[in-house]
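Participant:
Residue numbers (my numbering): 316 to 625.
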């Protein structure tokens with residue numbers, strides 16, 4: 316199912332800030348004034364180096380963290396302030412997360428059927444035991460696992476299979492949005508391709524939107540409709556996959572793209588990575604504002620920088 320950009324955004328993040336006080340005099344500004352939208356049925360890729368704030372954004376949106384400030388609207392409901400019980404229940408069903416480490420996110424003492432079925436149990440999403448088993452069986456089949464896997468424990472699976480269990484757990488409630496937090500980074504390359512293809516197939520079938528958090532740009536290019544580039548807690552550039560890869564504007568985006576290895580030995584010999592150092596760049600992220608480049612392509616910079624870069 317293709318994204319429809321004429322519809323209302325499913326998720327709208329406006330001026331999100333997530334600060335963590337370390338001491339009386341020092342606060343880590345993990346996410347600083349980030350704004351973006353995710354539309355129904357689309358995959359929005361959030362990329363950046365380790366420590367840039369990608370996972371923090373995902374956790375703030377799903378309310379594992381309470382946002383310091385900013386506004387997050389999901390399916391017409393503001394979810395960044397104090398949540399009412401009805402909003403909280405809706406959020407817990409319609410927004411799910413696939414975590415980075417499949418082993419750490421699965422309870423080692425529970426069988427797979429109980430891990431996947433926990434959401435059904437909490438929200439009473441079945442009439443009887445038979446319907447519960449049918450739903451678990453159906454979602455296992457959808458993610459490429461067999462019926463007999465339901466009675467096994469997490470340690471009896473490979474990494475790729477465990478990640479499929481995590482995907483099954485996230486999808487069993489038919490959510491409108493899935494936040495995939497570097498869900499393929501711990502897997503072998505061949506398994507990464509299987510998991511990403513599985514996610515694309517499920518999206519085609521169900522129309523689920525993904526917020527795909529990763530630092531593997533080639534995989535983000537493959538799965539994403541639009542991409543946001545994050546550095547030091549600031550969203551520096553956002554646009555369609557085509558816009559970002561064919562016409563990067565921000566020097567940081569250019570440096571990221573120049574670091575992608577190419578499977579061509581002759582080209583790779585002569586490839587030169589663009590070096591970018593924020594401290595010596597003369598750029599101040601706090602002074603930047605959003606500038607429209609073309610279509611849905613925005614870059615965060617000052618007016619002078621925008622003139623110079625474009």
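Where a beta carbon is used, it is the ideal one built from N, C-alpha and C, also for glycine.
Predicted model, so just to flag it, every value in this text is computed and none were measured.
Return helix, strand or coil for residue 456, following the three-state DSSP convention.
Facilitator: As a working note, residue 456 is residue 141 in the chain shown. DSSP places residue 456 in helix when its eight states are reduced to three.
Participant: Which same chain residues end up closer than 6 Å to residue 360 when comparing Cβ atoms and leaving out the 5 residues on each side of it in sequence?
Facilitator: In the chain shown, the residue the question calls residue 360 occupies position 45. If we look at residue 360 and ignore the five residues flanking it on each side, its Cβ neighbours are 527, 535, 539, 542.
Participant: Taking 8 Å as the cut-off, decide whether the C-beta atoms of residue 613 and residue 519 are in contact.
Facilitator: Sequence index remark: in the chain shown, residue 613 carries index 298 (1-based). Sequence index remark: in the chain shown, residue 519 carries index 204 (1-based). In this structure, residue 519 does not lie closer than 8 Å to residue 613 by Cβ.
Participant: Touching or not, the region 479-486 and the region 408-418, by the rule of three or more beta carbon pairs under 8 Å?
Facilitator: The region 479-486, when compared against the region 408-418, does touch it at the 8 Å Cβ threshold.
Participant: So residue 436 is in the alpha helix (DSSP H); what residue range does that whole segment cover?
Facilitator: As a first step, residue 436 must be located in the chain shown, where it is residue number 121. Looking at the DSSP string, the run of the alpha helix (DSSP H) that includes residue 436 is 427-438.
Participant: Which parts of the region 517-567 are runs of the alpha helix (DSSP H), unbroken and 4 residues or longer, counting only runs that do not cross its ends?
Facilitator: Correct list: 532-538, 556-561.
Participant: Report the rounded CA-to-CA distance for residue 626 versus residue 464, giving the unit in angstroms.
Facilitator: Summary: the structure shown does not reach residue 626, with the chain confined to residues 316 through 625, and so no result is reported for it.
Participant: Return helix, strand or coil for residue 322, following the three-state DSSP convention.
Facilitator: Translated into positions along the chain shown, residue 322 becomes position 7. Residue state, collapsed to three classes: coil.
Participant: Is residue 445 near the ligand ADP, judged by its Cβ being under 7 Å from some heavy atom?
Facilitator: The ligand ADP is not part of this structure, which contains no ligands at all.
Participant: Are there three or more Cβ pairs, one per stretch, closer than 8 Å when the region 330-345 is compared with the region 359-375?
Facilitator: Contact between the region 330-345 and the region 359-375 is present, because at least three Cβ pairs lie under 8 Å.
Participant: Going by C-alpha distance, which of 461, 523, 322 is nearest residue 489?
Facilitator: For the purposes of this step, residue 489 is identified with residue 174 of the chain shown, where counting begins at 1. Of the listed residues, the one whose Cα sits closest to residue 489 is 523.
Participant: Beta-carbon within less than 8 Å of residue 405's beta-carbon, same chain only, minus the 5 sequence neighbours each way: which residues are those?
Facilitator: Stepping through the chain shown from its first residue, residue 405 is reached at position 90. Only 390, 392 meet the Cβ criterion.
Participant: Buried or exposed: where does residue 495 fall if 16 or more other Cβ atoms within 10 Å of its Cβ makes it buried?
Facilitator: On the chain shown, residue 495 is found 180 positions in, with the first residue counted as 1. Buried, since its Cβ has 16 or more Cβ neighbours within 10 Å.
Participant: If you measure between the beta carbons of residue 365 and residue 530, is that distance less than 8 Å?
Facilitator: For the purposes of this step, residue 365 is identified with residue 50 of the chain shown, where counting begins at 1. For the purposes of this step, residue 530 is identified with residue 215 of the chain shown, where counting begins at 1. Their beta carbons are under 8 Å apart, which means residue 365 touches residue 530 by this criterion.
Participant: Are the Cβ atoms of residue 589 and residue 583 separated by less than 8 Å?
Facilitator: Here residue 589 refers to the residue found at position 274 of the chain shown. Here residue 583 refers to the residue found at position 268 of the chain shown. Contact: no.
Participant: Return the chain-ordered list of same chain residues with a C-beta closer than 8 Å to the C-beta of residue 626, the five sequence neighbours on each side being excluded.
Facilitator: The question about residue 626 has no answer here: the residues shown for the chain are numbered 316 through 625.
Participant: Does DSSP classify residue 617 as helix, strand or coil?
Facilitator: Position 302 of the chain shown, counting from 1, holds the residue named residue 617. Residue 617: coil per DSSP, three-state reduction.
Participant: What's the C-alpha gap between residue 331 and residue 581?
Facilitator: Within the chain shown, numbered from 1, the residue matching residue 331 stands at position 16. Within the chain shown, numbered from 1, the residue matching residue 581 stands at position 266. Roughly 44 Å between the two C-alpha positions.
Participant: Start and end of the beta strand (DSSP E) containing residue 353?
Facilitator: Taking the first residue of the chain shown as 1, we reach residue 353 at position 38. Segment 342-353, the beta strand (DSSP E) holding residue 353.
Participant: Going by other Cβ atoms of all chains shown within 10 Å of its Cβ, with 16 needed for buried, is residue 605 buried or exposed?
Facilitator: To locate residue 605, count along the chain shown from 1; it is residue 290. Exposed.
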